[in-house]
Every structure is written in C-alpha cells, then in structure tokens.
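All remarks here apply to the structure that follows.
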Amino acid sequence: MIVTAVYASCNIPTRRQIWEGLCNMSTTSSPWIVMGDFNVVKGPSEQVRGKALDPKALEDFHECFLYCRLEDGGYSGKSFSWTNGRISKQLDRVLFNQHYGTLYPSVRVKQLAKTLSDHAPLLIMSLGPIKGGKGFFKFQKMWFHHPDFIKLVEETWAEPVYGDPLYVLEYEQADTPENREALHRARAHHLKCLAIEEDFLSQQSGIKWLQEGDKNSGFYHNFVRKKRKRSDVLGVQDIGEWITELEGIARSGIQFFQNLFTQDTADGDVELGDCIPPMVSAEDNEHLLAVPELEEIKQVVFSLSKESAVGPDGFNGHFIHNFWNLIAGDMLQAVRHFMADHPLHKGFTSTAIALIPKGDNPKSCKEYRPISLCSFVNKLMSKLLSSRLAQLLPKLVLSFKQALCKGD
Numbered sequence: 133m134i135v136t137a138v139y140a141s142c143n144i145p146t147r148r149q150i151w152e153g154l155c156n157m158s159t160t161s162s163p164w165i166v167m168g169d170f171n172v173v174k175g176p177s178e179q180v181r182g183k184a185l186d187p188k189a190l191e192d193f194h195e196c197f198l199y200c201r202l203e204d205g206g207y208s209g210k211s212f213s214w215t216n217g218r219i220s221k222q223l224d225r226v227l228f229n230q231h232y233g234t235l236y237p238s239v240r241v242k243q244l245a246k247t248l249s250d251h252a253p254l255l256i257m258s259l260g261p262i263k264g265g266k267g268f269f270k271f272q273k274m275w276f277h278h279p280d281f282i283k284l285v286e287e288t289w290a291e292p293v294y295g296d297p298l299y300v301l302e303y304e305q306a307d308t309p310e311n312r313e314a315l316h317r318a319r320a321h322h323l324k325c326l327a328i329e330e331d332f333l334s335q336q337s338g339i340k341w342l343q344e345g346d347k348n349s350g351f352y353h354n355f356v357r358k359k360r361k362r363s364d365v366l367g368v369q370d371i372g373e374w375i376t377e378l379e380g381i382a383r384s385g386i387q388f389f390q391n392l393f394t395q396d397t398a399d400g401d402v403e404l405g406d407c408i409p410p411m412v413s414a415e416d417n418e419h420l421l422a423v424p425e426l427e428e429i430k431q432v433v434f435s436l437s438k439e440s441a442v443g444p445d446g447f448n449g450h451f452i453h454n455f456w457n458l459i460a461g462d463m464l465q466a467v468r469h470f471m472a473d474h475p476l477h478k479g480f481t482s483t484a485i486a487l488i489p490k491g492d493n494p495k496s497c498k499e500y501r502p503i504s505l506c507s508f509v510n511k512l513m514s515k516l517l518s519s520r521l522a523q524l525l526p527k528l529v530l531s532f533k534q535a536l537c538k539g540d
C-alpha cells in the first residue's frame, strides 16, 4: 500500500508541481491513498465568503484528479475543514485509487472538531459492512440464465389460488419460502459461474477488460461500490445534534419524513365543484370507465420500462414482459376488478422510499430527495388511467396551461 501525504502551497505554479508528481505516481497497481491539505476547493459549494475562485486553479486540480483516477472519500461530520473565523473552505480531503477502494470498500472519512489548528483533523475508518434494515425480495434478471428458473415460475403460477382477482395476482407474485430458497440457490450458482468468467477475462488485456464493462467485471464492481457508498447514510444532524448510531439515524429519518408527508386537512364549507361547469360529457365518462381489453393492457405493460426500480413487491418489467403469456389472464382479471371500483390491495399500493442525496456530503434529512418506488401493477393502473385522461386533456385544460411530462 502507498500512502501519500499532501501539503500543497497557496501558490498556483508551485501547486502544479505537486499535481505533476501525483500524476507520475498514478500508474501504480498498488492500493494508493492520498490525503492532506490540498489548498484548493473543488467548487463554490466548498467555500463560504472569501475571494472569487480562480478557474485555472480549479481546472488544474480537476485535471489531476481525473488523470490519476482518484475517488474522493467525502466526509461526515462538521462542515468545512479550514476557517479563519470569517472565511470557511474545504481544503483537506482523502483520495484513493480503485485498488484501495476494492481492498477497503467500507472506508469512510469523518471530519472532527477543530482544536489548536485552524484545520480540522480527518479520521479514516474502515467500518465493515453497514447493516441496514430488513430488505425485501427483488427479482433479478440473471435468474433467467438458470435452466430451472422458467420451469419454477410456470409450476408456481399453475397452482390454484382462490379469491378476488387482485388477491390472486398478489399471491401468485408472493415470494414463498420454498420459491425464495430455490431462487437463492440458483443465484448462488450463477454468481459462482460469473466469478469463474471474471477470473478468465481479467487475464486478458487491460483495454479489453474495460470494454467488457457490461459483464461482471472489475469496472462494473467499482461502479456498484461507488453507488453503494454514495447511498450510505453514516450520520445526520438533528436539531444541532450529530447522530451516528443506526437506530438514531432511522428514528430521525422516519420522524422527518412522517412530518413531511403528513398534511393538515383544512376545513371549508365552500363546495368548489359547484363553481366549475361540467366539461366531461357522458360519452367521455363512458370511455374513461370502459372495461379494458387485453390488448389495451398489453400496450400499457410494454410501454413501461423494464429497467425501472422495483417497489416493495420486488417485481420489475423484466419479469412481467418475459412471462406475459403466462400471467396475462390474471393481469386482465385484476385490472378489470380494479376498474369495477375495487381498490388496490395494500401489497400493490405500498411504496418503497429511496433517499437520493441532493449534493455531496449531505448532513441532514432535508438534504435528501425522497423518491417513491411503486410496484409494477401500481404503475400499470396509473398509466392506464392517465393514457385515457390524456385524450381529454385538450378539452379540459388550455394548451398554454398544460405542463405534464410523459414518463414511465
């Protein structure tokens, strides 16, 4: 392992000598970590007050960063590593190459409180795997490669189930213990085969290795590692208190988003509907409520992306599209049952919430953007209704007031 300590000059030409030295070292195949005072910020978000940023200084640092293929370890804890009481900047950081990130996938950086120095000390930690909450079943595309998978699905779907059509569809998709165990065995066997393939491909030329990024390559693994690391919530600030325990983070997040999504209902005696003239004719209403045919449902199903993130039921478009001939009948009955004014079951209306950081190094729950992940069936029902409503939109809303964007 190579550890490089940096103490960069305030002078731009002098700093370039350090950048050149780092570029010369970047050819190493050893795990490499670079840390210290770089005396430059990456952008406006890393500085409060002070002189305007020098574009050339930023460009020099970014070119070095990209050339060396270094990854910024980020940080949790206090904002800005340096301050003189009036100006604050993020001058100190920890960078590392792909080899180091692979060797220590759980490396994290914590910015501690300043003491005697005007720079905050950085604590580098290897936390081990971060244990989150209980996960939910997720359909994996790779299961299609197992020779017994299609047979398993067909046998499961053929078992008789009794109840209303929505219950039947929900039960057929349920991940029973027997099916889950069989799928896990298939997944383990497939991963073993991919590991053998990866060992073989890694002996080929480096260029070819990078070109195989769509396979189970080191390039792909590095991308997934960065994505997972970005998704980790190592701490949040709640009413001025920094919380790092997982239980405390969970409680703070649940409380914040419960308050965010809970709205007070305002009482009012005014019936706004009486002030709006009817715009939907009897013929329009008949079209909206018409019993859907299988072909209409199929068109909506195949217009939805197969790659969309899954909801709590775990099934994505790959499963629905590939097994359409098998499940079409159940899907038709479920949709017609819903259109006959029967509500969707909780299993379909429940959503998973994904938290997407609005920027680098989020500190509080409000710095995450909540994204609802709906089940495929929920998306299907919504798309079916919106497609029918879209035909009436020009009649209901003036053209210059229409601001709907098409989506999945």
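Going by the numbering used here, the final residue of the sequence shown carries number 540, and the count climbs one at a time with no gaps. C-beta atoms are modelled at their ideal positions from N, C-alpha and C, and glycine is treated no differently.
query, result
"So for GLY168, helix, strand or coil by DSSP?", "strand"
"Indicate the three-state DSSP secondary structure (helix, strand or coil) for TYR232 in the structure shown.", "helix"
"Taking just the CA atoms, how far does ALA472 sit from SER413?", "20 Å"
"State buried or exposed for MET257, treating a residue as buried only when at least 16 other CB atoms are found within 10 Å of its CB.", "exposed"
"Note down, in chain order, each residue of its chain lying with its Cβ closer than 6 Å to the Cβ of ALA382, except the 5 sequence neighbours on either side.", "none"
"Following the continuous alpha helix (DSSP H) through ARG148, name the residue where it begins and the one where it ends.", "144–157"
"Which class does MET411 belong to by DSSP, given the choice of helix, strand or coil?", "coil"
"To the nearest angstrom, how far is it from the Cα of THR159 to the Cα of ILE134?", "12 Å"
"Taking just the CA atoms, how far does GLU152 sit from PRO444?", "50 Å"
"CA-CA distance, LEU517 and GLU379?", "40 Å"
"Mark GLN390 as exposed unless 16 or more other C-beta atoms lie within 10 angstroms of its C-beta, in which case mark it buried.", "exposed"
"Measure from the alpha carbon of ASN143 to the alpha carbon of each residue in ASP192, LYS246, PRO163, then state which is nearest.", "ASP192"
"Check whether the Cβ atoms of TYR513 and PHE470 sit closer than 8 Å, and answer yes or no.", "The displayed chain sequence assigns Met, not Tyr, to residue 513. Yes, Cβ-Cβ distance for MET513 and PHE470 is below 8 Å."
"What number of angstroms, rounded off, separates the C-alpha of THR481 from the C-alpha of SER504?", "11 Å"
"Where does THR136 fall in DSSP's three states?", "strand"
"Would you call ARG147 buried or exposed, if buried means 16 or more other Cβ atoms sit within 10 Å of its Cβ?", "buried"
"Here's a check: name, in chain order, each residue in its chain whose Cβ is nearer than 6 Å to the Cβ of THR215, leaving out the five neighbours to either side.", "none"
"Going by Cα to Cα distance, which pick from CYS196, ILE219, GLN149, SER161 is closest to SER177?", "ILE219"
"Pick out whichever of MET167, ARG501, LEU476 has its Cα sitting closest to the Cα of ALA486.", "ARG501"
"Who does ASP224 pair with in a DSSP beta bridge?", "ASP169"
"How big is the Cα-Cα spacing for LYS495 and ALA140?", "27 Å"
"So TYR207 and VAL241 are in contact, right, with Cβ under 8 Å, and what is the actual spacing, rounded?", "4 Å"
"Quick check: what's the CA-CA separation for LEU198 versus ARG225?", "15 Å"
"Please report how far the alpha carbon of VAL433 lies from the alpha carbon of PHE271, in whole angstroms.", "17 Å"
"Buried or exposed: ASN457, going by 16 or more other Cβ atoms within 10 Å of its Cβ?", "exposed"
"Under a Cβ-count criterion, where at least 16 other Cβ atoms within 10 Å of its own Cβ denotes burial, should LEU436 be classed as buried or exposed?", "buried"
"Which residues share a DSSP beta bridge with PRO489?", "TYR500"
"With burial defined as no fewer than 16 other Cβ atoms inside 10 Å of the residue's Cβ, what is the status of PHE228: buried or exposed?", "buried"
"Based on the DSSP output, what are the partners of ARG240 in its beta bridges?", "MET257"
"With VAL368 as the anchor, note down where its alpha helix (DSSP H) starts and where it stops.", "It is not in any alpha helix (DSSP H) - VAL368 instead sits in the beta strand (DSSP E) that spans 368–370."
"Excluding sequence positions up to five away, which residues of its chain have a Cβ less than 6 Å from the Cβ of TYR236?", "SER258"
"Between the C-alpha atoms of ASN417 and GLN523, what's the straight-line distance to the nearest angstrom?", "12 Å"
"Which residue wins for smallest C-alpha separation from CYS497, given the options SER384, LYS511, LEU421, ILE429?", "SER384"
"Return the residue from the list VAL509, GLY479, ASN510 that minimises the CA-CA distance to PHE268.", "GLY479"
"Counting along the chain, where does the alpha helix (DSSP H) carrying ILE381 start and finish?", "378–393"
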